[in-house]
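First the structure, in the form of structure tokens, and then the observations on it.
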Amino acid sequence: MSFNHHGVWAIYKFEMARAKRTLWQSLVAPVITTSLYFVVFGAAMGGRLSDVAGVPYGAFLVPGLIMLSLFTQSVSNASFGIYFPKFSGTIYEILSAPISPLEAVIAYVGAAASKSVILGLVILATGACFVPITIEHPLWMIGFLLLTAISFSLFGFILGIWARSFEELQFVPLLIITPLTFLGGVFYSLDMLSPLWRAVTLFNPVVYLISGFRWSFYGMADVSLWLSVAISLGFLLVCSVVLWWIFKSGYRLKA
Amino acid sequence: MAMPAIISIQDLTKTYQSGFKALKGVSLDIRQGEIFALLGPNGAGKTTLISIVCGIVTPTSGRVLADGFDIVSQWREARSRIGLVPQELTTDAFETVWDTVSFSRGLFGCAPNPAHIEKVLRQLSLWDKRKNQIMTLSGGMKRRVMIAKALSHEPDILFLDEPSAGVDVELRRDMWQMVRALRESGVTIILTTHYIEEAEEMADRIGIINHGELVLADEKSALMQQLGQKQLSLSLLEPLAQLPDALAPWDLQLSADGQELVYAFDAQADRKEISRLLRALNELDIGFRDLNTRESSLEDIFVNLVHRREGGTA
């Protein structure tokens, strides 16, 4: 047994079943929230807002809103997935099982990322009900979707291992991810900002992720595509290295 | 008995980050097919020892082989042979009994086998509850679920950490029955407990652990003889200056103030000795106002054993 595929599948199925049980919370709630954004910004205010580089404002919003959900849901899914066994004590079984850290990560992060991707596609479909959407580079779109879902799920997994309380679990998404996302160009193009704010915003890594994803829809971007790709891969790499260290040292998992 | 060791623990130590030395060089062989009881007070290192063998705690030094596989370098082979029922009742809440037991089987790398899961559930009287969510079950039932999870992947070695903690008498009986049945089927069982009765009831061999050291590991029968020590104390009416020669055969101890006579005897030995002693006292006209007997407790055994060790004669 060099790869415990039964074990990976068991965890993956378990995590997906958890989402099924909490369907309302994991799928319906984000869809409703996103629809509200469309109603408020797209329908109510959209008419008064000008096009962004030739793209109607409502349509411009769609990739940003998908990314917004992808960030928050990947982090919360993955962090909760590993935090809860730690909290309830059932982690003993994972730790004593013949399953390697890599296999466990594939299972947990794979499940969290799958859920996010499904959610992203559902939001895309929801958006298409409100505004006309074009996807100029579908393969790039899928690529960014997967890359973001996986790297933020990895990040969430790290957060779940690090957190020692539910407060700590909420802390990072609420105080870091959400502000960075809102200030990262979900609702506006960087061109709309003053030069000073534009310069400050460029330090926000989320800008590059949203910009790249939006480019795959409309061919328009705030920053260069390759910079977006580089930042996305860089984030994935950083999370992978941190996780590798966590398992090597047993940090907050093993005494 | 020349049965091969299925678990071989060599010089195992564990020092936690806090500096607490939970294990101070434990060496122990568990024989294939036996029921081994690890006996010790709370905080003695029982759970640490089990947790290391199962891969939950990293050892500081030493070596453990499970079925010949090193638990560190050959962890996959080693772990797939071991089932663990931890002390705490830690189960998922929303899963059904069937799902959680099937999950465990998969986690341990086994292909689905509904027939085996059914067998385990029936054996543990959980079959009727298979579609229930775990949170709807009683504490005793939850413990059965944890045992079922540990047996789902057909392990050769089963660890039961404090199996009777918080378990009612009936379930304890059932569990003992089940443990014996498992042993019949060839599973080696290691259980920890701080109840002597449990060790006495179940085990083939008993190991005593205290302050992170294995004080002793022996056949139950040999150990129970030591555990079976009793004391008879007599409070005398008149203090004795010294023991009369006529009482020499009983190897009595006289307290410093001459008020109390203590007779230590083996509970399994000839009961007539006591009546002979009392008759002798009567003949010598030594009266007593009170008498009581005391069985040596696990604690006494600890004190004795630890003393003997520290004295360097063991």
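If you read the protein sequences in the order shown, they are chains A and B.
Be aware that the first sequence starts at 1, since it is given in this note's numbering, and climbs by one per residue.
Be aware that the second sequence starts at 1, since it is given in this note's numbering, and climbs by one per residue.
Glycine included, C-beta positions come from ideal geometry on N, C-alpha and C.
Option nearest residue i by Cα separation, candidates the options
{"i": "M16(A)", "options": "N77(A), P132(A), G58(A) and A163(A)", "result": "N77(A)"}
{"i": "D67(B)", "options": "R31(B), L49(B), S102(B) and E88(B)", "result": "R31(B)"}
{"i": "H211(B)", "options": "I196(B), Q10(B), A78(B) and G25(B)", "result": "G25(B)"}
{"i": "W162(A)", "options": "V28(A), W245(A) and A113(A)", "result": "W245(A)"}
{"i": "L107(B)", "options": "A112(A), V238(A) and I99(A)", "result": "I99(A)"}
{"i": "D161(B)", "options": "Y92(A), L146(A), S249(A) and V223(A)", "result": "Y92(A)"}
{"i": "S8(B)", "options": "K14(B), Q17(B), P244(B) and L28(B)", "result": "L28(B)"}
{"i": "A150(B)", "options": "K129(B), R105(B), L191(B) and L39(B)", "result": "R105(B)"}
{"i": "M178(B)", "options": "S275(B), G207(B), T193(B) and A148(B)", "result": "A148(B)"}
{"i": "T193(B)", "options": "L12(B), G166(B) and P244(B)", "result": "G166(B)"}
{"i": "I190(B)", "options": "R122(B), E273(B) and G33(B)", "result": "G33(B)"}
{"i": "T60(B)", "options": "V85(B), L23(B) and E273(B)", "result": "L23(B)"}
{"i": "L49(A)", "options": "Y188(A), F14(A) and R18(A)", "result": "Y188(A)"}
Spatial neighbours of residue i in its chain, beta-carbon cut-off 7 Å, leaving aside the 5 residues before and after
{"i": "V75(A)", "result": "F152, F155, G156, L159, P173 and I177"}
{"i": "D290(B)", "result": "S235"}
{"i": "L277(B)", "result": "W250 and Y263"}
{"i": "S119(A)", "result": "In the sequence under discussion, the amino acid at residue 119(A) is Leu, which differs from the Ser named in the question. Excluding positions up to five away in sequence, the list reads L27, P30, S69 and Q73."}
{"i": "V109(A)", "result": "A78, I150, S153, L154 and F157"}
DSSP-derived helix/strand/coil call for residue i
{"i": "G83(B)", "result": "strand"}
{"i": "R173(B)", "result": "helix"}
{"i": "F213(A)", "result": "helix"}
{"i": "I7(B)", "result": "strand"}
{"i": "A314(B)", "result": "Model confidence at A314(B) stands at a pLDDT of 36, short of 50, so the residue's coordinates are unreliable; what they give is reported in the following sentence. A314(B) falls in the coil class under three-state DSSP."}
{"i": "D266(B)", "result": "strand"}
{"i": "T148(A)", "result": "helix"}
{"i": "R183(B)", "result": "helix"}
{"i": "T72(A)", "result": "helix"}
{"i": "T96(B)", "result": "strand"}
{"i": "A37(B)", "result": "strand"}
{"i": "E93(A)", "result": "helix"}
{"i": "Q242(B)", "result": "coil"}
Identity of the residues DSSP links to residue i by a beta bridge
{"i": "D218(B)", "result": "I206(B)"}
{"i": "L234(B)", "result": "L261(B) and L291(B)"}
{"i": "T188(B)", "result": "I157(B)"}
{"i": "F69(B)", "result": "A66(B)"}
{"i": "K131(B)", "result": "K131(B) is not bridged to any residue."}
{"i": "V40(A)", "result": "DSSP lists no partner for V40(A)."}
{"i": "S61(B)", "result": "T13(B)"}
{"i": "L225(A)", "result": "DSSP output for L225(A) lists no bridge partner at all."}
Contact test: residue i Cβ vs the ligand GTP heavy atom, cutoff 7 Å
{"i": "W250(B)", "result": "As for the ligand GTP, it is missing from this structure, which has no ligand bound."}
Spatial neighbours of residue i in its chain, beta-carbon cut-off 8 Å, leaving aside the 5 residues before and after
{"i": "M1(B)", "result": "No answer about M1(B) holds up, because its pLDDT of 47 lies below 50 and its placement is not dependable."}
{"i": "L124(A)", "result": "V62, I66 and I133"}
{"i": "L180(A)", "result": "N204, P205 and V206"}
{"i": "T293(B)", "result": "K230, Q231, L232 and S233"}
{"i": "F3(A)", "result": "E103"}
{"i": "G89(A)", "result": "none"}
{"i": "I134(B)", "result": "T91, D92, A93, F94, E95, T96, V97, T100, K142 and V145"}
{"i": "L169(A)", "result": "S79, F80, Y83, L159, G160 and A163"}
{"i": "L236(A)", "result": "L147, I150, S151 and L154"}
Residue i classed as buried or exposed, judged by whether at least 16 other C-beta atoms fall within 10 angstroms
{"i": "F38(A)", "result": "buried"}
{"i": "R214(A)", "result": "buried"}
{"i": "M45(A)", "result": "exposed"}
{"i": "K20(A)", "result": "exposed"}
{"i": "Q17(B)", "result": "exposed"}
{"i": "Q73(A)", "result": "buried"}
{"i": "K115(A)", "result": "buried"}
{"i": "K129(B)", "result": "buried"}
{"i": "C54(B)", "result": "buried"}
{"i": "K272(B)", "result": "exposed"}
{"i": "S249(A)", "result": "exposed"}
Proximity test, Cβ basis, 8 Å: residue i and chain E
{"i": "S255(B)", "result": "Looking for chain E here will not work: the only protein chains present are A and B."}
Spatial neighbours of residue i in its chain, beta-carbon cut-off 6 Å, leaving aside the 5 residues before and after
{"i": "L253(A)", "result": "none"}
{"i": "I71(B)", "result": "V64 and A78"}
{"i": "Y283(A)", "result": "In this structure chain A extends from 1 to 255, so residue 283(A) is not present and cannot be described."}
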